[in-house]
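One structure is given below, encoded as structure tokens.
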Amino acid sequence: MTHAAVTHHTSMGLDNRKMAFWAFIGSECLLFTSLISTYLVYKGKSVVGPYPHDILNIPFTSVSTFDLLMSSLMMVLALAAVQRGDMKWGKIWLFSTALLGLVFLGGQVLEFSEFVHKGLTISTNLFGCTFFVLTGTHGAHVAVGVLWLLTLWVRALQGKLGPANAMTVEITGLYWHFVDVVWIVIFTVVYLIQ
Amino acid sequence: MRIVVAVPRLRLWLATAALAVSGCGGPFPQSTLQPRSDFARATDVLFTDIFWWAAGVFLVVETLLVVALIRFRHREGRATPKPTHGHTLMEIAWTLAPAAILVFVAVPTVRTIFATSGEAPADALKVDVIGHQWWWEFRYPELGLVTANELHVPLGRAVQLSITSADVIHAFWAPPLGGKRDAIPGHVNRIAFRATDEGDYSGQCAEFCGASHANMRLRVVVDSDSGFGRWATVQLAGPAAPAPGTVAERGKAIYARSACIGCHTIQGVSPGVIGPNLTHVGSRTTLASGLFPNDSAHMASWIADAPALKPGSLMMRMKPPLSDADIAALVAYLESLK
Amino acid sequence: MSDAKGLKSWLTTTDHKRIGLLYFWTALGFFLIGGIEALFIRVQLAQPNGHLVSAETFNQLFTMHGTTMIFLALMPLSSAFFNYIIPLQIGARDVAFPRLNAFSYWVFLLGGLLLNASWLVGPLFHAGMLNVAPDGGWFGYANLTERQFSPGPNIDFWQLGLQTLGISSLAAGFNFIVTILNLRAPGMTMMRLPVFTWMTLVTQFIIITAFPVITVALVFLMFDRLFGTHFYLTSAGGTPILWQHLFWLFGHPEVYILILPAMGVVSEVLPTFARKPLFGYPVVVYSGILIGLMGWGVWSHHMFSVGLGPIADSAFAATSMLIAIPTGVKIFNWVGTLWGGDIRGTTALHFAVGFVAMFTIGGLSGVSHASPPADLQQTDTYYVVAHFHYVLFGGTVLGLFAGIYYWWPKMTGRLLSEPLGKWHFWLQFLGMNLAFFPMHFIGLLGMPRRVYTYSPELGVGGLNLASTVGAFLIALSILVFLFNVWRSARHGQAAPNDPWGGATLEWSIPSPPPAYNFSVIPTVTSRLPRWKTEHHEAMRDPPATPPAPIHMPGGSWWPLVAACGLPVMALSVLTHALWLVFVGAAILIFGIYRWAFEPFEV
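Protein chains in written order, with my numbering: chain A, -5 to 188; chain B, 217 to 554; chain C, -18 to 583.
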């Protein structure tokens, strides 16, 4: 984030940080694949309830999914603004992205408390453990993203973010979109296909 | 220098190969190289096939290596070697050759996998094998027979073992009778075989299962058909009643009022299922899942302090400890349960 | 290397050469610890019914021996070379992310200390010393490792230690991928990369894809033990076999992580001392890539006794046999390199040749494992212990020692004694064959593995004794090596830039290199820049001093600070003090923020 504005020449023409980040995303794909595969392997094998159809609230979760998708849009707009030097809108869009991320997290908290209230905890059954660990890991990733976005926003407020270091916003965007895509997969696999 | 080295290496290989392959210097009661069943024979044939291919490849590779080292070692005044970067034809050849050899390994492998997948005819003798920390439970469902640690099977008849575990993952392995299969809680694995030689064979647990994994041994006794029938009849009968006024009768009384009854079954006397069934414990050749010969001295030490002999054993010392006289009486009783 | 001296310069270093040395010495230390654990094991097993140590202690010994050797000795020893040598081989001044590099090292050190602390801290857990070290095997099969059957903190130390080490490896993985792909000198195309660099690149890709899987497996285990989940418990409908699948999905690629760097070393050492290019460079590279890819398709060959069914068993048998092809082909390429050469028998060459000879044996026993019916007699016995020690000791350890003797002059500026090196080699070679060859027979004669003792009736007492003698021979050889190291530091002959006549870039600069590595970044026109070949002249080495001063980045405290957050988080699990997680996370985040906003020119 603090590296010189001058982009070094690289053998493959891609910025080092960007390349590292794509490698990181590749690694994260394996992480989430393992979690999702475990969910699928144990699907339908819970011995006691509550079961998914008893408890998952598709309309509610569709709204949070939409929220996350919109946050990705905000992210795209934030990057575009920073790249063209429009820091007023850059700050607005960065903050909005973080805000929508927080809304998503709030929705998760609400959803999880509702489940616990209805008798589904992490140790109730296989559905409980696979669901909470999978969505909890994803939620932790969203939380890190929100922290990251707010940090960028504060840097922008301090006048330390601009088109010269737009790369950092681009990489933040990569992370955010990845987290969003993972959610789409989770939403499909866990909520939509029962 | 390098030839000198090659020789000790070859010597080591040949000497130990001879030792094992000929099975000499035995007996080796748990050897995988002396098959006593069709299952064990099938895997032995396959292993022998693979072994000879491997030995051949070994000879070729190591010879080439040694020859290269000797022939092309540095000599003064030698010109810079020709910088060969590769040789496509040779590289193709030495890629295809191993591939071809692997076909000769793969085809019999797949055939043997299917032939030894645990399927057995409907009239096979069925035994349920249940692994516990650290002993083996054997149940013969069609006979109504329950015993522990010593498995009896008839010669030449199809036998099917259905293997599972009551706690952690173990593995049932009696090498002369075939390969191992894991005993996994919540799953049933099957081994099927026909024993080809009468005898008394050893095995042991082959999946690390905690403190006394090394002590979880077993015996398999292959009887003639009639011998097996006699054994089963005896096992199905009730326990021997000790004669009145004997030490054994006093032992039975001690047993009936001790903590033993919470863990062990003696038909008509106690219903415990945490430890091995003792109804005919006197008839077994070993104690404590194959750890010791079944004699009074070992039985007494075992009762006195099992965890000292088998770390982690759930068979705690009695509190208060039994007196030596009481232990001797118990031993007399248990040894009478033939 | 930078001239700064003192503890602070080491704690804050971001110089890949220093970090390489840190990895080297730390790994060597852990190698010695793992070796001592092995000696205890071998003394216990030298005769039937041995009683040197209790069953519980023995189970900790073999667990820690395996875990230490794999994660704290072999992988970090390879990392020592990744760190020191890769930037030199590709003509770079450092790695892509020097502070991330330092972070990887500190996390490794802290993880290794956490794991080994378990030997000493028993009293803190109301147990004796030597009581709470991990004892579930290096592969920690569920459900033995669940709270019900492993109530103490032993398994918690294990899974926390491994998760910590995983973070170290992942960070290094991202670093080296970017370094190798993006920091190459002008003219160094991918097919001009030294083979060691290529194998390292493949290894890093395997690391970043395999470690997430074991992380998930360990997290599931941690949650089962801490929060009552049921990932591996049958009572709730789960299965312990899930652990095995996840573990071996990581575990098989892990063995390629362990062997590929050593194969890379051998592919450098043989050509240098045969004075001939590597035979079939493209094939060696492609087979390395193939092994990395195919390594994902064979994991259940570790599970042939689990009862996956004949179709699954056959499929994995087939893929496991297939992977023998790219692996075996390399052997022929190495022999082909020696053939027609002018072979100088330096110590490094001895070790490289030893690798080829011993890895062949280990590979062949591996083929017998690939056949499930045969494997059912071999798996979980000393036969498989023989197999993996031939590939990991005869392979990786010998290969890495080849690297040590080869690159020691470059890294330290001094030569190791060649006569002492030969003594080291022969003692180690004889020792390892005596230690591990009998194990093939011990296994075939029916002795399972992971047993603290065995019955005299098995008839394997003599072979076990021979094996123990071999282990002590290995120990003796290591003492010779340590003496060689000490002597080299004291009286070692100063090393020139290029003691061996090497072809690759690291030999074009001083031993040890200055902080900036290359006074002028060379332009590369061939795979063997420093050799004259039919197509081009040998390159001119960079000048002794740079034309203009070269500024290298200074050090930083923040990688170390951030790294310290991780063991604090781990402690929360061991002490059941939840608040420690937040303290540890705060330290980590604080360290990362200071790191991120620190001015640091690369």
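All C-beta atoms, glycine included, are put in the ideal place defined by N, C-alpha and C.
Alpha-carbon spacing of residue i relative to residue j, whole angstroms
{"i": "Glu487 of chain C", "j": "Gly168 of chain C", "result": "16 angstroms"}
{"i": "Asp48 of chain A", "j": "Gly488 of chain B", "result": "42 angstroms"}
{"i": "Gln376 of chain B", "j": "Glu358 of chain B", "result": "12 angstroms"}
{"i": "Gln70 of chain C", "j": "Thr485 of chain C", "result": "6 angstroms"}
{"i": "Gly484 of chain B", "j": "Gln451 of chain B", "result": "14 angstroms"}
{"i": "Glu438 of chain C", "j": "Leu9 of chain C", "result": "39 angstroms"}
{"i": "Ser150 of chain C", "j": "Ser85 of chain C", "result": "7 angstroms"}
{"i": "Val265 of chain C", "j": "His517 of chain C", "result": "23 angstroms"}
{"i": "Phe98 of chain A", "j": "Val179 of chain A", "result": "16 angstroms"}
{"i": "Ala513 of chain B", "j": "Pro370 of chain B", "result": "31 angstroms"}
{"i": "Thr296 of chain B", "j": "Met533 of chain C", "result": "40 angstroms"}
{"i": "Leu460 of chain C", "j": "Thr44 of chain C", "result": "24 angstroms"}
Assigned exposure category for residue i - 16 Cβ within 10 Å defines buried
{"i": "Pro263 of chain C", "result": "exposed"}
{"i": "Leu174 of chain C", "result": "buried"}
{"i": "Ser539 of chain B", "result": "exposed"}
{"i": "Leu151 of chain A", "result": "exposed"}
{"i": "Lys396 of chain B", "result": "buried"}
{"i": "Ile312 of chain C", "result": "buried"}
{"i": "Arg471 of chain C", "result": "exposed"}
{"i": "His386 of chain B", "result": "buried"}
{"i": "Phe320 of chain B", "result": "exposed"}
{"i": "Asn365 of chain B", "result": "buried"}
{"i": "Met144 of chain C", "result": "Correcting the residue type first, residue 144 of chain C is Gln in the shown sequence and not Met. With 16 or more other Cβ atoms within 10 Å, it is buried."}
{"i": "Leu312 of chain B", "result": "exposed"}
{"i": "His211 of chain C", "result": "buried"}
{"i": "Ser621 of chain B", "result": "Past the boundaries of the shown model lies residue 621 of chain B; chain B is included only from 217 to 554, so the question cannot be answered."}
{"i": "Ala475 of chain C", "result": "exposed"}
Where residue i meets chain F, residues with beta-carbon distance less than 7 angstroms
{"i": "Val273 of chain B", "result": "Protein chains A, B and C are contained in the structure displayed, whereas chain F is not."}
Any chain A beta carbon closer than 8 angstroms to residue i
{"i": "His211 of chain C", "result": "yes"}
{"i": "Ala77 of chain C", "result": "yes"}
{"i": "Phe406 of chain C", "result": "no"}
{"i": "Ala155 of chain C", "result": "Rather than Ala, the amino acid found at residue 155 of chain C in this sequence is Phe. Phe155 of chain C counts as touching chain A."}
{"i": "Thr196 of chain C", "result": "yes"}
C-beta neighbour in chain C for residue i, strict 8 angstroms
{"i": "Met13 of chain A", "result": "yes"}
{"i": "Leu318 of chain B", "result": "yes"}
{"i": "Gly395 of chain B", "result": "yes"}
{"i": "Met6 of chain A", "result": "yes"}
{"i": "Thr32 of chain A", "result": "yes"}
{"i": "Tyr36 of chain A", "result": "yes"}
{"i": "Ser428 of chain B", "result": "yes"}
{"i": "Val110 of chain A", "result": "no"}
CB contact below 8 angstroms: residue i versus chain B
{"i": "His309 of chain C", "result": "Looking at the sequence provided, one finds Gly at residue 309 of chain C rather than His. Yes - at least one Cβ of chain B is within 8 angstroms of the one on Gly309 of chain C."}
{"i": "Asn124 of chain C", "result": "yes"}
Any non-hydrogen atom of the ligand NAP within 7 angstroms of residue i CB
{"i": "Ala338 of chain B", "result": "The model on display carries no ligand, and the ligand NAP is accordingly not part of it."}
Would the region 281 to 293 of chain C and the region 212 to 229 of chain C be scored as touching if the rule is three or more Cβ pairs under 8 angstroms?
yes
Can you find at least 3 beta carbon pairs, one from the region 509 to 519 of chain C and one from the region 538 to 548 of chain B, that sit closer than 8 angstroms?
Here the region 509 to 519 of chain C makes no contact with the region 538 to 548 of chain B; the two share fewer than three CB pairs at distances below 8 angstroms.
Counting pairs of Cβ atoms below 8 angstroms between the region 480 to 494 of chain C and the region 520 to 534 of chain C, do you hit three or more?
The answer is yes - the region 520 to 534 of chain C touches the region 480 to 494 of chain C, with three or more Cβ pairs under 8 angstroms.
Tell me which residues of the region 24 to 37 of chain C have at least one Cβ-Cβ distance to chain B shorter than 8 angstroms, keeping chain order.
Ser35, Ala36 and Glu37
Can you pull out the residues from the region 534 to 557 of chain C whose beta carbon lies closer than 7 angstroms to at least one beta carbon of chain A?
Residues passing the 7 angstroms Cβ filter: none.
Positions along the region 181 to 193 of chain C whose CB lies within less than 7 angstroms of some CB in chain A:
Ile189, Thr190 and Pro193
If you pair each beta-carbon of the region 451 to 470 of chain C with each one of the region 408 to 418 of chain C, do three or more pairs fall below 8 angstroms?
Contact between the region 451 to 470 of chain C and the region 408 to 418 of chain C is present, because at least three Cβ pairs lie under 8 angstroms.
Three or more C-beta pairs under 8 angstroms: does that hold for the region 56 to 66 of chain C against the region 32 to 44 of chain C?
no
Specify whether the region 379 to 392 of chain C and the region 300 to 317 of chain B touch according to this definition: at least 3 beta carbon pairs, one from each stretch, less than 8 angstroms apart.
no
Three or more beta-carbon pairs under 8 angstroms between the region 170 to 177 of chain A and the region 117 to 124 of chain A, yes or no?
no
Does the count of Cβ pairs from the region 198 to 205 of chain C and the region 38 to 45 of chain A closer than 8 angstroms reach three?
In the pairwise beta carbon analysis, the region 198 to 205 of chain C is classified as not touching the region 38 to 45 of chain A: fewer than three pairs are separated by under 8 angstroms.
Below 8 angstroms, how does it come out for the region 313 to 331 of chain C and the region 315 to 334 of chain B: are there three or more Cβ pairs, yes or no?
Flag = no, the region 313 to 331 of chain C and the region 315 to 334 of chain B do not touch.
Along the region 212 to 244 of chain C, what residues have a CB closer than 7 angstroms to any CB found in chain B?
Thr215, Thr220, Pro221 and Ile222
Which residues, in chain order, does the region 264 to 296 of chain C contribute to contact with chain B at a C-beta distance below 7 angstroms?
Of all residues in the region 264 to 296 of chain C, the ones placed with a Cβ closer than 7 angstroms to any Cβ belonging to chain B are Val264, Ser286, Val287, Gly288, Pro291, Asp294 and Ser295, in chain order.
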